[in-house]
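Those protein sequences? They're chains C and L, same order as listed. When we follow this note's numbering, the leftmost residue of the first sequence carries the number 107, and every step to the right adds one. When we follow this note's numbering, the leftmost residue of the second sequence carries the number 2, and every step to the right adds one. In what follows, a structure is listed as structure tokens, so that the remarks can point back to it.
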Amino acid sequence: MAPVLQLKSITKRFPGVLANDHIDLTLQQGEILALLGENGAGKTTLMNILYGLYQPDEGEIWVREKKISVHSPTDAIRAGIGMVHQHFMLIPVFTVTENVMLGEESLRYGDFLDRPKAAARIREISTKYGLEVDPDTYIRDLPVGVQQRVEIIKLLYREADILIFDEPTAVLTPQEADELFEIMRLLVKQGKSIIFITHKLREVLEVADRIMVIRRGAVVGETTPKDADREKLAAMMVGRAVNLEVEKESATPGDVVLEVRDLEVANDQKQIMVEGVSFEIRAGEILGLAGVQGNGQTELVDAITGMRRPTSGSIRLLGETVTYATPRKFTEMGSAHVPEDRQKDGLVLSFSIADNLILNTYYKEPFARGVIRQEKAILANAERLIEQFDVRTPGPLIHVGALSGGNQQKVIVARELSRPIKLLVASQPTRGLDVGSIEYIHSQIVKKRDEGCAVLVASSELDEIMELSDRIAVMYRGKIIAIVNAGEVTKQEVGLLMAGVQIDLTDAGRKKGRVKVESTF
Amino acid sequence: MANQPDNKQKPEVTKVLLEEIIDSPSKKKGRSGTGQAILIPILAVLTGLIIGAVIIALTTEDVYKAFALSFGDGLGAAWKAISTSYEALFKGAFGDPARIIAALQGDNPIELRRAVNPFLESLVVATPYIFAGLAVAVAFRSGLFSIGAEGQIFIGATAATFVGYSIKGLPPYIHMPLAFLAGAAAGALWGFVPGWLKAKTGGSEVINTIMVNWITFRLTEWLLTGPMQRPGSGGVPLSPFIEKSAEIPQFFDKPIRFHLGFFIALAVAFLVYYFLFKTTWGYNLRTVGANPNAARYAGMNIVTSTIVAMSISGALAGMAGANEILALNRTLALGFSPGFGFDAIALALLGNSNPIGVVLAALLFGFLRSGATRMMLATGIPIDIISILQALIIIFIAAPAIIRTIYRLRAPKIEDRVVVKTGWGGK
Chain C
107 MAPVLQLKSI TKRFPGVLAN DHIDLTLQQG EILALLGENG AGKTTLMNIL YGLYQPDEGE
167 IWVREKKISV HSPTDAIRAG IGMVHQHFML IPVFTVTENV MLGEESLRYG DFLDRPKAAA
227 RIREISTKYG LEVDPDTYIR DLPVGVQQRV EIIKLLYREA DILIFDEPTA VLTPQEADEL
287 FEIMRLLVKQ GKSIIFITHK LREVLEVADR IMVIRRGAVV GETTPKDADR EKLAAMMVGR
347 AVNLEVEKES ATPGDVVLEV RDLEVANDQK QIMVEGVSFE IRAGEILGLA GVQGNGQTEL
407 VDAITGMRRP TSGSIRLLGE TVTYATPRKF TEMGSAHVPE DRQKDGLVLS FSIADNLILN
467 TYYKEPFARG VIRQEKAILA NAERLIEQFD VRTPGPLIHV GALSGGNQQK VIVARELSRP
527 IKLLVASQPT RGLDVGSIEY IHSQIVKKRD EGCAVLVASS ELDEIMELSD RIAVMYRGKI
587 IAIVNAGEVT KQEVGLLMAG VQIDLTDAGR KKGRVKVEST F
Chain L
2 MANQPDNKQK PEVTKVLLEE IIDSPSKKKG RSGTGQAILI PILAVLTGLI IGAVIIALTT
62 EDVYKAFALS FGDGLGAAWK AISTSYEALF KGAFGDPARI IAALQGDNPI ELRRAVNPFL
122 ESLVVATPYI FAGLAVAVAF RSGLFSIGAE GQIFIGATAA TFVGYSIKGL PPYIHMPLAF
182 LAGAAAGALW GFVPGWLKAK TGGSEVINTI MVNWITFRLT EWLLTGPMQR PGSGGVPLSP
242 FIEKSAEIPQ FFDKPIRFHL GFFIALAVAF LVYYFLFKTT WGYNLRTVGA NPNAARYAGM
302 NIVTSTIVAM SISGALAGMA GANEILALNR TLALGFSPGF GFDAIALALL GNSNPIGVVL
362 AALLFGFLRS GATRMMLATG IPIDIISILQ ALIIIFIAAP AIIRTIYRLR APKIEDRVVV
422 KTGWGGK
């Protein structure tokens, strides 16, 4: 049978990056093709080309054996291609019907919206594909999983038959993800074809008919769930390790600095994201917190830095109970925090570098006497840290928003690491940074450890966890499912743990401390 | 990339607006950015004056008559209308240069004072704008879009009036400051309430302050027709005159109204500048205003700083009201404010919410308003033209793209602009 979609030799270059390198892709009718690759491998770029958001530098797009050119999402939709974005494109104060018919309104009596007709079609679609949703509810009242269903209905309403799902599970709870997979299976059974973009191994093996692995912009292989297993996919996806070895001696752990017991934390939607988590970190060691994004790491880090109130459990810092302490209390006790989202939480972009470097100590000597700011001390501090942490800037009074991401991160790292601290909590410390900055920030973190600081590094980058950690805690669905010594596990094993898979290791000694996890299949 | 979309996020329009016009890094970017932050207001004023000139020409009957004769006559008449209007505006704002020079050479101090009176009168008109502009600027800097200055001016004036007439026998150096501070305190209370509502309940300060304004207007009305009404005023809503000891002194004899309040305003502007940029409290407020998430991360108390910011803002607006009563009117009448509190919003935008900028913008408003009075007398161009001019200037400030397009200024790079991802933080 003829393929419904063919991408031929798609190439896309961004300044300094080859995002897509002659990629060929074929999609058959009624199949789910998984596009697997790490963050930044070029999956999303490829799909944005297909969806008309980018223009390819080279290559052709064929739909049902007809060459098409896609200059905008409108062209894509006309060709029957629809995309469920990672971030939903819905209007919260509109009903489901209104959202679905937006841009494709059915009318009656001239210019009046024919809501009943649209609602009827939505009901028809939702019965046919098992997409349960009430057309008359407002989007703002729907949980995320159902909002995603509305996105899918939107595509089906426009009669798309090639559906692209871009990291659809990133925002879903595991239960919602399972429901989504059911829907996807039903969709292909009804004749639709799906491209499923992800970097999660469990999902690929669960729903895909065929798997295509992309690494650094190029296709590195194709397989099927039958022929592949997690180890093989992980190896294909990651490829050879990036040579970014951190110079570090083995740790000499001292006293317990941070002790977390039975911690339970909810997110803003009151969903429990961290459940019964216990661990401790000692002075002079780095504990890596590994896990796929959205498994509770963000909430856990928020809780142990005072940014979020735990719902139960306890946190002790240097022997003192700080379960419900404020961020300032943590700072005053000698805890430092490199936040996950540097622009949202860590910096005031419109302020100067100098002002950002005193963000959480601005009220203290030598930066203030009484309530009077000491400009000389603030400036001297900035000049010293810019020099010491190699922040590339024309001067200390440049506003932080004008710096590159790497230099912004250095400002945060300089601020947090330059204080005399006992605990460092670094969340995604190198996300989106270039290799040079990554190396530098890693070396600074290790240096802090060697000075006797307890360090928690939360990262969704497995490489980072493997390189930095002395011990690794793996989080999965809100629980720490294993704490292992970094030297005793392979990257593949941690990757599997991150995917929620229990590894049957024969070495009895290594099994110690490992919690049994129920399989998700 | 894979940022989790926060479902609860409510992008607040006012917040976006604030970021866009007050503190957008695009304005501060490097050298050219700083230059533009100053250049754009200047060009906005210039462009406003040019368009104002066109409107003057279009609304002058003689111009149409002249065009009916010939095109050249028309242009001549238009030029004449514009130049006489703007000349009158200038003389009204700054005084007649020839007369001032003559007075300087002469030996008559009274004539000299009269010659410079238009300039002094402009400063008198600018004074309440300085106080009110500072009030709005403090709120803006703290991330609060307060519309409450007008109500706070009313309550400040009311409190100052009450203290001014009801307490008798105090020496001036106690009574005047007391009445002035009573105005500030009343304004502070009027800022505290919406601030508290915002901080504790999340109620939008925009709505809160507007509602408080209405309550205040009606409250003042009731007071002036009831408890505070001047005995024997014959039903006219007027308060008793304040005691001589409560007056802010004017420096010269009538008709020169120039008074101490102007210097108090400058001193307060300096204090506000010092507070915002040189104290830890100011740093705290500015951080909360610029990025509440980072403020929370840094351990700052957002609830407290919201309430403090609104109270300070209210106090400053209260001073504007007190100043008008104690220095000029000496009695409270309903129509004493021509909308200082609303103009102050525009003023704070024009001054980039910086106390120095606010003072300059207030002076501009003072010159325009005061000059327009003379222009109206001299040319019959209604004073309302100034409102149009002010509106044009504000539009150009709020939409700098227009100015950039007209004058071919390079726009700041897109990637340097902050994308407002969240609203007020919901806390």
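Every residue gets a Cβ at the ideal spot worked out from N, C-alpha and C, and that includes glycine.
### Query
Excluding the five sequence neighbours on either side, which residues of its own chain have a C-beta within less than 6 Å of the C-beta of E391 of chain C, listed in chain order?
The count along the first sequence starts at 1 and reaches residue 391 of chain C at position 285. Here the set comprises A357, P359 and D576.
### Query
Can you give the Cα-Cα distance for G236 of chain L and L182 of chain L, rounded to whole angstroms?
Start at 1 with the first residue of the second sequence, and residue 236 of chain L comes out as number 235. Start at 1 with the first residue of the second sequence, and residue 182 of chain L comes out as number 181. Cα to Cα, G236 of chain L sits roughly 29 Å from L182 of chain L.
### Query
In chain L, which residues lie less than 8 Å from G478 of chain C when you measure between Cβ atoms?
Within the first sequence, residue 478 of chain C is the residue found at index 372, counting from 1. Before going further, note that residue 478 of chain C is Ile rather than Gly in the sequence given. Those within 8 Å of I478 of chain C in chain L are K279, T280 and T281.
### Message
Using beta carbons (cut-off 7 Å, strictly below), is G300 of chain L in contact with chain C?
### Response
Locating residue 300 of chain L in the second sequence gives position 299, counting from the first residue. Nearest CB-CB separation between G300 of chain L and chain C: below the 7 Å threshold.
### Task
Give the C-beta separation of L267 of chain L and V360 of chain L to the nearest angstrom, bearing in mind that I take them to be a contact with Cβ-Cβ under 8 Å.
Within the second sequence, the letter at position 266 stands for residue 267 of chain L. Within the second sequence, the letter at position 359 stands for residue 360 of chain L. The pair is a contact, with the Cβ atoms about 7 Å apart (cut-off 8 Å).
### Message
Nearest by alpha-carbon distance to A189 of chain L: which of L:L198, L:I168, L:S167 and L:S314 is it?
### Response
Walking along the second sequence from the start, residue 189 of chain L turns up at place 188. The shortest C-alpha separation from A189 of chain L is found at L:S314.
### Task
Go ahead and label N109 of chain L buried or exposed: buried means 16 or more other beta carbons lie within 10 angstroms of its beta carbon, across all protein chains shown.
Indexing the second sequence from 1 puts residue 109 of chain L at position 108. N109 of chain L comes out exposed.
#### Entry: Where the alpha helix (DSSP H) containing R375 of chain L begins and where it ends
The residue labelled residue 375 of chain L in the question sits at position 374 within the second sequence. Element bounds for R375 of chain L: P356 to T380.
### Message
Measuring straight from C-alpha to C-alpha, what distance separates V630 of chain C and G184 of chain L?
### Response
No answer is possible for residue 630 of chain C: the residues shown for chain C start at 107 and end at 627.
### For M439 of chain C, the three-state DSSP class (helix, strand or coil)
Numbered from 1 along the first sequence, position 333 holds the residue referred to as residue 439 of chain C. Reduced to three states, the DSSP call for M439 of chain C is coil.
### Query
Under 7 Å, do A323 of chain L and A161 of chain L count as touching if we go by C-beta distance?
Mapped onto the second sequence, residue 323 of chain L falls at position 322. Mapped onto the second sequence, residue 161 of chain L falls at position 160. Yes, Cβ-Cβ distance for A323 of chain L and A161 of chain L is below 7 Å.
#### Entry: Test item: CB-CB of A136 of chain L and G372 of chain L under 7 Å
Position 135 of the second sequence, counted from the first residue, corresponds to residue 136 of chain L. Position 371 of the second sequence, counted from the first residue, corresponds to residue 372 of chain L. No, the pair does not count as a contact, with Cβ atoms beyond the cut-off.
### Query
Just to check, is the beta-carbon of Q135 of chain C closer than 6 Å to a non-hydrogen atom of the ligand ADP?
The ligand content of the structure shown is nil, which means the ligand ADP is not present either.
### Message
So with CB distances below 8 Å, who are the chain L contacts of F200 of chain C?
### Response
Residue mapping note: residue 200 of chain C aligns to position 94 of the first sequence, counting from 1. In chain order: nothing, as chain L lies at least about 15 Å away.
### Query
By Cβ distance, which residues of its chain are closer than 7 Å to M376 of chain L, with the 5 residues on each side in sequence left out?
As a position in the second sequence, residue 376 of chain L is number 375, starting the count at 1. Excluding positions up to five away in sequence, the list reads S86, A89, L90, G93 and I382.
### Query
Considering only C-alpha positions, which residue in the set C:E355, C:M581, C:A488 and C:R336 is nearest to V552 of chain C?
Counting from 1 along the first sequence, the entry for residue 552 of chain C is found at position 446. Among C:E355, C:M581, C:A488 and C:R336, the Cα nearest to that of V552 of chain C belongs to C:E355.
### Task
Specify, as a first and last residue, the run of the alpha helix (DSSP H) that G283 of chain L falls within.
As a first step, residue 283 of chain L is located in the second sequence; it is residue number 282 there, counting from the start. T281 to A291 is the span of the alpha helix (DSSP H), which, as asked, contains G283 of chain L.
### Message
Taking its Cβ as the centre, do 16 or more other Cβ atoms sit within 10 Å of L111 of chain C, making it buried, or is it exposed?
### Response
Along the first sequence, read from residue 1 onward, the residue named residue 111 of chain C stands at position 5. With 16 or more Cβ atoms within 10 Å of its Cβ, L111 of chain C is classed as buried.
### Query
Who are the neighbours of F457 of chain C on chain L, taking C-beta pairs under 8 Å?
By 1-based counting over the first sequence, the position of residue 457 of chain C is 351. Correct list: R287, T288 and A291.
### Task
Quick one: residues in its chain with C-beta nearer than 8 Å to the C-beta of V454 of chain C, no 5 flanking neighbours on either side, listed in chain order?
For this step, residue 454 of chain C is matched to residue 348 along the first sequence. D461, N462, L465 and V506.
### Message
Let me make sure I understand the geometry here. Which of C:P535, C:G511 and C:Q296 has the alpha-carbon closest to that of E522 of chain C?
### Response
Start at 1 with the first residue of the first sequence, and residue 522 of chain C comes out as number 416. Selected option, being the one with the closest Cα: C:P535.
### Message
With distance defined between alpha-carbon atoms, name the residue in L:Y408, L:L113, L:I398 and L:G336 nearest to A45 of chain L.
### Response
Position 44 of the second sequence holds residue 45 of chain L. Out of L:Y408, L:L113, L:I398 and L:G336, the CA that lies nearest to the CA of A45 of chain L is found in L:I398.
### Task
Answer with buried or exposed for H193 of chain C, where buried requires no fewer than 16 other C-beta atoms within 10 angstroms of its C-beta.
In the first sequence, the residue the question calls residue 193 of chain C occupies position 87. By the 10 Å Cβ count, H193 of chain C comes out exposed.
### Query
For M320 of chain L, which residues does DSSP report across the bridge?
Counted from its first residue, the second sequence places residue 320 of chain L at position 319. Beta-bridge pairing links M320 of chain L to no other residue.
### Query
Taking Cβ-Cβ distances below 7 Å as the criterion, which residues of the region 142-161 of chain L are in contact with chain C?
none
### Query
If you run the structure through DSSP and keep just helix, strand and coil, what is E370 of chain C?
Numbered from its first residue, the first sequence carries residue 370 of chain C at position 264. In this structure, E370 of chain C counts as strand in the three-state DSSP scheme.
### Task
Please confirm if the region 117-137 of chain L is in contact with the region 343-350 of chain L, defined as three or more CB-CB distances below 8 Å between the two stretches.
yes
### Message
Any beta carbon of chain L sitting closer than 7 Å to that of V454 of chain C?
### Response
Working through the first sequence from its first residue, we reach residue 454 of chain C at position 348. Yes, V454 of chain C counts as interfacial toward chain L.
### Query
Are there three or more Cβ pairs, one per stretch, closer than 8 Å when the region 367-387 of chain C is compared with the region 513-527 of chain C?
The region 367-387 of chain C, when compared against the region 513-527 of chain C, does not touch it at the 8 Å Cβ threshold.
### Task
From the DSSP output, in three-state form, read off Y244 of chain C for me.
What you label residue 244 of chain C is simply residue 138 of the first sequence in a count that begins at 1. Looking at Y244 of chain C - three-state DSSP - the assignment turns out to be strand.
### Task
Can you have a look at I102 of chain L and say buried or exposed, based on whether 16 or more other CB atoms are within 10 angstroms of its CB?
Counting from 1 along the second sequence, the entry for residue 102 of chain L is found at position 101. So I102 of chain L counts as exposed.
### Message
Less than 7 Å between CB atoms is the rule here; does T417 of chain C satisfy it with respect to chain L?
### Response
Position 311 of the first sequence, counted from the first residue, corresponds to residue 417 of chain C. No, T417 of chain C does not count as interfacial toward chain L.
### Task
Taking T432 of chain C as the query, report the chain L residues whose CB atoms sit under 8 Å from its CB, ordered along the chain.
Taking the first residue of the first sequence as position 1, residue 432 of chain C is located at position 326. Near T432 of chain C (Cβ distances below 8 Å), the residues of chain L are G300.
### Query
Taking just the CA atoms, how far does L196 of chain C sit from D63 of chain L?
The residue given as residue 63 of chain L occupies position 62 in the second sequence. The residue given as residue 196 of chain C occupies position 90 in the first sequence. About 58 Å.
### Beta-carbon contacts of A296 of chain L that lie in its chain and below 8 Å, excluding the five residues immediately before and after
Counting from one through the second sequence, the residue named residue 296 of chain L turns up at place 295. N285, T288, V289, I303 and S306.
### Message
My output table needs one value for Y582 of chain C: the three-state DSSP class, helix, strand or coil.
### Response
Position 476 of the first sequence holds residue 582 of chain C. The answer is strand: DSSP assigns Y582 of chain C an E or B state.
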